[in-house]
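Colleague: Take a look at the following structure, please.
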Amino acid sequence: MRIAILGAECTGKTRLAQALVSALKPHHPHVSWVSEYLRAWCDAHGRTPRADEQAHIAQVQMQRIQAAPAADLVLCDTTPLMTALYSELLLGDPYLLAGALQTQKAFGLTLVTGLDLPWVADGIQRDGEAVRTRADQRLRTLLQQHGIAYSLVYGTGEARTQCALQAIDYALGTPSVDNTGANWKWNCEKCSDPACEHRLFRGLIP
26 MRIAILGAEC
36 TGKTRLAQAL
46 VSALKPHHPH
56 VSWVSEYLRA
66 WCDAHGRTPR
76 ADEQAHIAQV
86 QMQRIQAAPA
96 ADLVLCDTTP
106 LMTALYSELL
116 LGDPYLLAGA
126 LQTQKAFGLT
136 LVTGLDLPWV
146 ADGIQRDGEA
156 VRTRADQRLR
166 TLLQQHGIAY
176 SLVYGTGEAR
186 TQCALQAIDY
196 ALGTPSVDNT
206 GANWKWNCEK
216 CSDPACEHRL
226 FRGLIP
């Protein structure tokens with residue numbers, strides 16, 4: 026199963042992916058992780074991509090996913106949808122969205138990292154807390170509008186990892202925890218209300 030880890034900037038996607046690999050391997054030895062191409066591209070070029078380079082970023086990200094070693098679980102950080110979303114949000118170009126949304130539907134599980142982590146400046150890839158909020162809202166809107174189920178992931182440290190593991194276990198049909206009153210939720214009907222979500226997930230935050 027391919028698991029997409031989506032979310033706005035500075036929401037811990039990469040750290041979560043790394044933690045999940047370690048947590049899943051004892052029970053699922055065949056786990057692979059697909060890293061984010063955009064970060065490698067920015068590091069190599071010393072800048073963010075122009076509008077005419079966005080399609081390349083999305084294409085290579087998907088190629089990385091498709092080329093991942095055969096595994097029971099493939100953790101994808103991230104997918105072409107985030108490239109398409111930021112291309113629309115920051116560059117005013119929605120061209121990549123249709124294809125990226127269609128591709129997203131093929132993932133077995135989509136995790137969306139919440140905004141409960143503090144925003145931290147990190148060189149050229151970070152666009153600011155206001156942009157982070159807009160990206161988060163746009164992502165959830167797109168997923169909901171196109172019928173793509175997703176699970177919100179909240180908490181810090183190990184709690185965030187456990188929150189994601191609950192969603193993965195549920196998707197696999199082999200829950201290892203009692204999901205009654207679970208700390209994650211599919212397609213939150215109040216996704217645009219951060220206060221609501223912080224109440225829902227407050228048990229995960231030390």
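Residue numbers for the sequence shown, in the working numbering: 26 to 231. Don't be surprised by glycine CBs; every beta carbon is placed ideally from N, CA and C. Bear in mind the structure is a predicted one, so any value in this text is a computation, not a measurement.
From T135, L190, G153 and A192, pick the residue whose C-alpha is nearest to that of P105; which is it?
Modeller: P105 has its Cα closest to that of T135, out of T135, L190, G153 and A192.
Colleague: Nearest to K17 by CA position, among A174, Q79, M87 and I30, is which residue?
Modeller: Here the chain covers residues 26 to 231 and nothing more, so residue 17 does not appear.
Colleague: Take A83 as the anchor and find which of L177, S112 and R72 has the nearest alpha-carbon.
Modeller: With distances taken between Cα atoms, A83 lies closest to S112.
Colleague: Measuring only the C-alpha atoms, how far is K38 from Y120?
Modeller: Approximately 25 Å between the Cα atoms of the pair.
Colleague: In angstroms with no decimal places, state the Cα-to-Cα distance between A155 and L164.
Modeller: The straight-line gap from Cα to Cα measures roughly 14 Å.
Colleague: Are the CB atoms of R27 and V99 nearer to each other than 8 Å?
Modeller: A contact, by the Cβ cut-off of 8 Å.
Colleague: What does L100 pair with, by DSSP beta-bridge criteria?
Modeller: DSSP, once it has assigned bridges, lists I28 and W58 as partnering L100.
Colleague: Applying the criterion that 16 or more other CB atoms from any shown protein chain within 10 Å of the CB defines a buried residue, is T199 buried or exposed?
Modeller: Answer is exposed; the Cβ neighbour count stays below 16.
Colleague: Starting from L134, follow its DSSP beta bridges and name the residues at the other end.
Modeller: DSSP lists I28 as partners of L134.
Colleague: May I have the straight-line CA-CA distance separating T181 from L142, to the nearest angstrom?
Modeller: T181 and L142: Cα-Cα distance of roughly 7 Å.
Colleague: How many Å lie between L197 and E61 at the Cα?
Modeller: Taking the straight line joining both Cα atoms gives about 24 Å.
Colleague: Indicate whether V3 and L167 have their beta-carbon atoms separated by less than 8 Å.
Modeller: Residue 3 lies beyond the stretch modelled for the chain, which goes from 26 to 231, so this question has no answer here.
Colleague: So, is G172 buried or exposed, given that buried needs 16 or more other C-beta atoms within 10 angstroms?
Modeller: With fewer than 16 Cβ atoms within 10 Å of its Cβ, G172 is classed as exposed.
Colleague: Assuming G139 and Y179 are in contact, meaning their beta carbons sit under 8 Å apart, how far apart are those beta carbons, in whole angstroms?
Modeller: The Cβ separation is near 4 Å, so the contact holds.
Colleague: L41 and T186 look like a contact to me (Cβ under 8 Å); what is the Cβ gap, rounded to whole Å?
Modeller: Rounded, the Cβ-Cβ distance is 7 Å, consistent with contact.
Colleague: Please identify the residue among A184, H55 and A125 whose C-alpha is closest to the C-alpha of L31.
Modeller: The shortest Cα separation from L31 among A184, H55 and A125 belongs to A125.
Colleague: Just the Cα atoms here: how many angstroms apart are Q79 and T73?
Modeller: Taking the straight line from one Cα to the other gives about 10 Å.
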